[in-house]
Amino acid sequence: MPLKTKVSFWLIPSEEDKAFFQDIIDNLAQEYDAPVFTPHVTIYSGEYTPEESPAELLGNAIQGIQSFSLRVDQLLYTDQFTKTLFVQFYQNPLLTQISETIHNCSKHPSEFALNPHLSLIYQYLSEEIKKKLITRLSLPKSEVCFNEVRAISTQNQVKGWEDVVQWEVIDIKKLQQP
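As numbered in the numbering used here, residues 19 to 196 make up the sequence shown, in order.
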């Protein structure tokens with residue numbers, strides 16, 4: 019059995035929205051000794067053999083799709099390292115289509131469940147701190163625009179800083195402009 023690589027497919031905000039979220043991520047990372055990462059919504063995640071091309075899968079999944087927006091639901095937090103504090107989005111048919119296309123075209127589809135959110139910090143924090151952050155942070159927009167997708171090589175489980183810094187970009191593709 020050939021060695022498989024865990025690949026996550028990300029939806030990346032447009033420049034203005036990306037800069038807004040990157041600023042929050044950078045500031046929280048500095049304040050709470052957390053890793054810095056690119057703002058993103060995970061579209062799909064699964065394991066791939068060397069013969070499979072995540073770049074090709076990604077290209078096929080976004081064919082003909084223009085940049086689009088996701089509607090903000092709310093700020094939430096969990097005890098999960100990669101969902102410490104995050105922006106929850108409403109489901110979106112285009113996002114679902116991209117995720118399902120990647121799933122259906124994967125040789126070994128995963129049990130990934132699409133839950134559109136954009137994490138603001140990866141760190142184990144007390145509930146008290148997370149509640150404080152939710153009241154401190156404000157989102158000036160009710161929608162976030164996305165215009166890029168990426169395939170990222172990640173670890174099977176992301177439990178700490180050392181896992182995040184090992185992520186590698188495999189491919190970047192722009193969505194069509196409207």
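Every residue gets a Cβ at the ideal spot worked out from N, C-alpha and C, and that includes glycine.
6 Å Cβ shell around residue i - same chain, five flanking residues per side excluded
i	result
Ile61	Phe27, Leu29, Ile116 and Ser117
Ala47	Val54
Trp179	With a pLDDT of only 48 at Trp179, under the threshold of 50, the placement of this residue in the model should not be trusted; the figure read from the coordinates follows. These residues qualify, in order along the chain: Pro53.
Ser32	Cys163 and Asn165
Own chain residues within Cβ distance below 8 Å of residue i, not counting five before or after
i	result
Ile83	Leu112, Gln115, Ile116, Leu193 and Gln194
Pro20	Note that Pro20 has pLDDT 49, beneath the 50 cutoff, so the model's placement of it is unreliable and the number below is only indicative. Closer than 8 Å at Cβ, skipping near neighbours: Thr67, Pro68 and Glu69.
Lys22	Glu65, Tyr66, Thr67 and His126
Beta carbon of residue i nearer than 8 Å to that of residue j
i	j	result
Thr96	Ile139	no
Phe39	Leu88	no
Val59	Phe130	no
Val167	Ile80	yes
Gln98	Pro134	no
Leu93	Ala169	no
Nearest-angstrom Cβ-Cβ length linking residue i and residue j, presumed shorter than 8 Å
i	j	result
Leu136	Pro57	6 Å
Pro158	Ser85	No, Pro158 and Ser85 are not in contact; Cβ-Cβ is about 20 Å, not under 8 Å.
Leu155	Ile43	11 Å between Cβ atoms; not a contact.
7 Å Cβ shell around residue i - same chain, five flanking residues per side excluded
i	result
Asn78	Thr119 and Cys123
Limits of the beta strand (DSSP E) - the one that residue i falls within
i	result
Ile188	Glu186 to Lys192
Ordered list of alpha helix (DSSP H) runs contained in the stretch 71-95, each at least 4 residues: 72-79
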